[in-house]
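Note that the protein sequences, when read in sequence, are chains W and S. Here UniProt numbering is used: position 76 in the first sequence is 76, and no number is missing along the way. Here UniProt numbering is used: position 162 in the second sequence is 162, and no number is missing along the way. One structure below.
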Amino acid sequence: MKALKKTIYLSVFFCILSFASFGQHSYSTVTYNMALPTSSLTDFVDEYSFRGIGLEYGRFVKEKLSAGISLGWNVFYQAAPSATYDLENTLTVTGKTYRYINAYPLILKAHYYLGEPHKTPLLPYIGAGIGTTFARQRLDFGVYSYENNAWQFGVYPEIGTFYSINSNANITANIRYNIGFEAGGLPSVSFIGFNLGLAFSK
Amino acid sequence: MKYNFTPEKVLALSIILFSAFLNNSCYPGGADNVQDLDVVATANNPNYNFANASTYVLPPRIVKITGEDPKPEDTLSGPSVQTILNQIKTNMTSYGYTEVKPGGAAPDLIVQSYIARTTVIGAYYPFWWDYWGWYPWGSWGYPWGGGWYPVGLPVVYSYTIGDLIITISDPKAEDIPNKHIGSVWLGSIKGVDNGTTSNTSRAVAGIDQAFVQSPYLKTN
Numbered sequence: 001m002k003a004l005k006k007t008i009y010l011s012v013f014f015c016i017l018s019f020a021s022f023g024q025h026s027y028s029t030v031t032y033n034m035a036l037p038t039s040s041l042t043d044f045v046d047e048y049s050f051r052g053i054g055l056e057y058g059r060f061v062k063e064k065l066s067a068g069i070s071l072g073w074n075v076f077y078q079a080a081p082s083a084t085y086d087l088e089n090t091l092t093v094t095g096k097t098y099r100y101i102n103a104y105p106l107i108l109k110a111h112y113y114l115g116e117p118h119k120t121p122l123l124p125y126i127g128a129g130i131g132t133t134f135a136r137q138r139l140d141f142g143v144y145s146y147e148n149n150a151w152q153f154g155v156y157p158e159i160g161t162f163y164s165i166n167s168n169a170n171i172t173a174n175i176r177y178n179i180g181f182e183a184g185g186l187p188s189v190s191f192i193g194f195n196l197g198l199a200f201s202k
Numbered sequence: 001m002k003y004n005f006t007p008e009k010v011l012a013l014s015i016i017l018f019s020a021f022l023n024n025s026c027y028p029g030g031a032d033n034v035q036d037l038d039v040v041a042t043a044n045n046p047n048y049n050f051a052n053a054s055t056y057v058l059p060p061r062i063v064k065i066t067g068e069d070p071k072p073e074d075t076l077s078g079p080s081v082q083t084i085l086n087q088i089k090t091n092m093t094s095y096g097y098t099e100v101k102p103g104g105a106a107p108d109l110i111v112q113s114y115i116a117r118t119t120v121i122g123a124y125y126p127f128w129w130d131y132w133g134w135y136p137w138g139s140w141g142y143p144w145g146g147g148w149y150p151v152g153l154p155v156v157y158s159y160t161i162g163d164l165i166i167t168i169s170d171p172k173a174e175d176i177p178n179k180h181i182g183s184v185w186l187g188s189i190k191g192v193d194n195g196t197t198s199n200t201s202r203a204v205a206g207i208d209q210a211f212v213q214s215p216y217l218k219t220n
């Protein structure tokens, strides 16, 4: 976890530094993140997640192009009814399982805006990002817990919009496909994120 | 008073708040009651053909595994004992086995039950051999003569406090000099014993499940 925090701090720091020479316009967002598991993640949890938060900071590098960094936290949980599993050649177990995924996507991203930034209240965009998702998987079975953590390379296509409330406050909404690639003994942690929140710009 | 929410200020504040939560991942939900934690585990020797067996013996004691030198009083007491033993018999009968008592023909299988009062994980359990020194039927080999021995507890799984463990063993597969155990099946019903009535019903349900998930035990 220390490594994760260090990575986040350094990423934010260098991101801010690297954007300092570009234009004056910047934004930050705080969003409530929901998510729908997809791909092999559904083998572990397939219930919709209502637990999540996202932070993002970006700067405009061209009139219709911004670059930024995003950090998210999505929590997936599912209580599976009692079932029988053949774990090894001759070992069979039966019981309820409680399954958790805490996913932390860390994304370097860019938005291309389909409107005129700072001129129209509604500003839709398409976005793309690359980065990593730190995933903590936990399986509770009886009184036992099995945990597995992994960093997964990820790509993050996105569509979204900003809606201006006043000179520096906006409502923002986006749909992002978080595609994680299998790594560290964990299957692909992929999900479609539905994110809604506030954006502050200047 | 005018608030100036610049993106950088919002970002800095958000990161501080976010970092405060990062150390603690979120684990909502979970078990609502102790039954939700029940786990039944079974393992078998795939090379053993249960169809060749038809009789069994069930010692009338449930041995407590204490992690120390066993003593004669290390057996479970109370009404749950007979309930547990009867449920084992019911399942053995339904799978086509016949119980035999000491004094008759030697059984094909020995069914023994244990309650864990300590934790045993993935290592040779050093005291299992000693449990039979005080066995109520007398010395090893009694009453069926030399070459027949009761058997001990194999470690093919981990046991924790409160586990009910049932083993089925083939006495002919014993290798006494090498302390090899002839266990051919093991059922572990996790954490069901602390002496209450509700736990007895969980133990009974667990015994049934152990047999249900072991259809290879059937001889009929």
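Virtual Cβ for every residue (Gly too), placed ideally from N, Cα, C.
Residue interval of the alpha helix (DSSP H) (run including residue i)
i              : result
V63 of chain S : Per DSSP, V63 of chain S belongs to no alpha helix (DSSP H); it is in the beta strand (DSSP E), I62 to I65.
N86 of chain S : P79 to S94
For residue i, three-class secondary structure by DSSP
i               : result
V100 of chain S : coil
V212 of chain S : helix
V155 of chain S : The pLDDT assigned to V155 of chain S is 44, lower than 50, so where the model puts this residue is not dependable, and the model offers no usable value.
E182 of chain W : coil
A169 of chain W : strand
F14 of chain W  : Bear in mind that a pLDDT of 42 at F14 of chain W, under 50, signals an unreliable position, so the model cannot answer this.
R51 of chain W  : strand
G122 of chain S : Because G122 of chain S sits at a pLDDT of 44, beneath the cut-off of 50, its placement in the model cannot be relied upon, and the point is left open.
T42 of chain W  : helix
F5 of chain S   : coil
P107 of chain S : coil
K31 of chain S  : Inspection of the sequence shows that residue 31 of chain S is occupied by Ala rather than by Lys. Of the three classes helix, strand and coil, the one that applies to A31 of chain S here is coil, per DSSP.
A205 of chain S : helix
A53 of chain S  : coil
T200 of chain S : helix
K172 of chain S : helix
D74 of chain S  : coil
L139 of chain W : strand
S14 of chain S  : helix
L217 of chain S : helix
S183 of chain S : strand
D163 of chain S : coil
S21 of chain W  : With a pLDDT of only 36 at S21 of chain W, under 50, the local geometry of the prediction cannot be trusted, and the value read off the model is given with reservation. Three-state result, S21 of chain W: coil.
D19 of chain S  : Residue identity check: residue 19 of chain S is Ser in the sequence provided, not Asp. Three-state DSSP puts S19 of chain S in a helix.
D86 of chain W  : strand
Within chain S, partners of residue i - CB distance below 8 Å
i               : result
G142 of chain W : L37, D38, V39, K190 and G191
Listed by chain order, chain S residues near residue i by CB distance under 7 Å
i               : result
Y100 of chain W : Y27
R136 of chain W : S25
S201 of chain W : P7
A79 of chain W  : G29
CB-CB length for residue i against residue j, believed under 8 Å
i                      : j               : result
I115 of chain S        : K64 of chain S  : 5 Å
V10 of chain S         : A210 of chain S : At roughly 57 Å, the Cβ-Cβ gap does not stay under 8 Å, so V10 of chain S and A210 of chain S are not in contact.
G54 of chain W         : T31 of chain W  : 4 Å
F162 of chain W        : A199 of chain W : 6 Å
Q137 of chain W        : G180 of chain W : About 12 Å separates the two Cβ atoms, so there is no contact after all.
A150 of chain W        : G185 of chain W : 6 Å
residue 225 of chain S : I166 of chain S : Lying outside 1 to 220, the shown extent of chain S, residue 225 of chain S is not represented and no answer is given.
F141 of chain W        : G95 of chain W  : 6 Å
Where residue i meets chain S, residues with beta-carbon distance less than 9 Å
i              : result
V75 of chain W : S25, C26, Y27 and P28
Within chain W, the residues that residue i reaches when beta carbons sit closer than 8 Å
i               : result
L11 of chain S  : V12, S28, L55 and Y57
A31 of chain S  : K96, Y98 and D140
F18 of chain S  : I53, L55, L71 and W73
Q213 of chain S : T84, T92 and T94
Q209 of chain S : T94
Range covered by the beta strand (DSSP E) that runs through residue i
i               : result
F116 of chain W : The sequence as given places Glu at residue 116 of chain W; Phe does not occur at that position. It is not in any beta strand (DSSP E) - E116 of chain W carries neither H nor E in the DSSP assignment.
L198 of chain W : S190 to S201
E147 of chain W : Y144 to V155
E63 of chain W  : Premise fails: E63 of chain W is in no beta strand (DSSP E) and is neither H nor E.
Y163 of chain W : E158 to S164
N44 of chain S  : V39 to N44
Under 9 Å by beta carbon: chain W residues contacting residue i
i               : result
P171 of chain S : Under the 9 Å cutoff, chain W gives no residues; its nearest Cβ is about 21 Å from P171 of chain S.
Cutoff 9 Å: residue i Cβ touching any chain B Cβ
i               : result
L198 of chain W : Absent from the structure is chain B; the protein chains it does hold are W and S.
**Study point:** Interfacial residues, the segment 41 to 54 of chain S to chain W, with Cβ spacing under 9 Å
**Key:** Going along the segment 41 to 54 of chain S in chain order, one finds A41, T42, A43, N44, N45 and P46 with a Cβ nearer than 9 Å to chain W.
Review point. In chain order, what residues of the segment 147 to 170 of chain W put their CB closer than 9 Å to some CB of chain S?
Key: In summary, the residues of the segment 147 to 170 of chain W whose CB is separated from some CB of chain S by less than 9 Å are N168 and A169, in the order they occur in the chain.
Exercise for review: Identify each residue in the segment 170 to 194 of chain W for which the Cβ-Cβ distance to at least one residue of chain S is less than 7 Å, and report them in chain order.
Suggested key: The segment 170 to 194 of chain W vs chain S, Cβ under 7 Å: nothing.
Review point. For the segment 73 to 89 of chain S, which residues have a beta carbon sitting closer than 9 Å to at least one beta carbon of chain W?
Key: Residues passing the 9 Å Cβ filter: none.
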